[in-house]
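Below is one structure, written out as structure tokens; comments come after it.
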Amino acid sequence: MAENVGFVKCFLKGVVEKTSYRKLVANLYFVYSAMEEEMEKLPSHPVVSKICFPELNRKNALEQDLYFYYGPNWRNEIALSPAGQAYVNRIREIATTEPELLVAHSYTRYLGDLSGGQILKKIAEKAMNLETGGTAFYDFKDIPDEKAYKNHYRQTLDELPVDQAMADRIVTEANAAFGMNMKMFQELEGNLIKAIGIMLFNTLTRRRTTGSTETGLATAE
């Protein structure tokens, strides 16, 4: 689970370093752009078209956040990390070879955003002292009732015209998507450690160093 990655543990405990965070936003921009572009190319696909909901799209919101963090020249400032590139490559690949698997990526991304977005937004605002922007990604302005919408989305998934074999492949792809997401988070740990120090990082993530200091590190709850 992503919650077991050090960067995410620190984030959930209110330790967010802006340089690392904006790199995450950049990666997410490329991932969502790829996913949304590929899904929009398939308006008549019997499966993909069923879960193509424009109100969920995050590309424009991420562009707002990138402008906030990088400034007006943000398009020339951002770059994909290796893990982000692998994620995007996978989305492009399945869109061509087995587009039904885009359902897995839509599910893992959007349902996760809807489920914890407001909590993560508040953490980011407090940790980075954000008052005028930087969290548009978490706002679904066209979805007034997120709980009801998630129920509708899940019902749509249950009614997709797929056989059991395809359903199983979608589940497998969803697990792979979780793994690719975790790798993007793991890449950010180096920058975070430089910013907050290895001792604090280990404490926040409940890791223990080897040697004589092993018992000296407290754990944070």
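Note that the sequence shown covers residues 61 to 281 in this note's numbering.
Built from N, CA and C at the ideal position, the CB exists for glycine as well.
- Task: Would you be able to state if there are at least three C-beta pairs under 8 Å between the stretch 131-147 and the stretch 102-113?
- Result: no
- Message: Residues in the same chain with beta-carbon distance under 8 Å from Lys78, minus the five sequence neighbours each way, listed in chain order, please.
- Response: Tyr129 and Met188
- Member of Ile230, Phe67 and Asp173 whose CA lies at the smallest distance from the CA of Ile154: Ile230
- Item | Residue burial classification, Glu158 (beta-carbon count within 10 angstroms, cutoff 16) | exposed
- Which of helix, strand or coil does DSSP assign to Val76? coil
- Can you grab the Cα-Cα spacing for the pair His165 / Asp218, in whole Å? 16 Å
- In terms of alpha-carbon separation, which member of Leu190, Glu115 and Leu126 lies closest to Phe200? Glu115
- Item | Inter-residue CB distance, Ala94 and Arg135 (contact presumed, cutoff 8 Å) | Incorrect: roughly 16 Å between the Cβ atoms, too far for contact.
- Task: Identify, in the order they occur along the chain, each residue of the same chain with its Cβ nearer than 7 Å to the Cβ of Ile203, setting aside the five sequence neighbours on each side.
- Result: Glu115 and Tyr209
- Query: Per DSSP, what kind of secondary structure is Arg169 in: helix, strand or coil?
  - Reply: helix
- Taking the CB atoms as reference points, tell me whether Val163 and Val108 lie closer together than 9 Å. Taking 9 Å as the cut-off, the Cβ atoms of Val163 and Val108 count as close.
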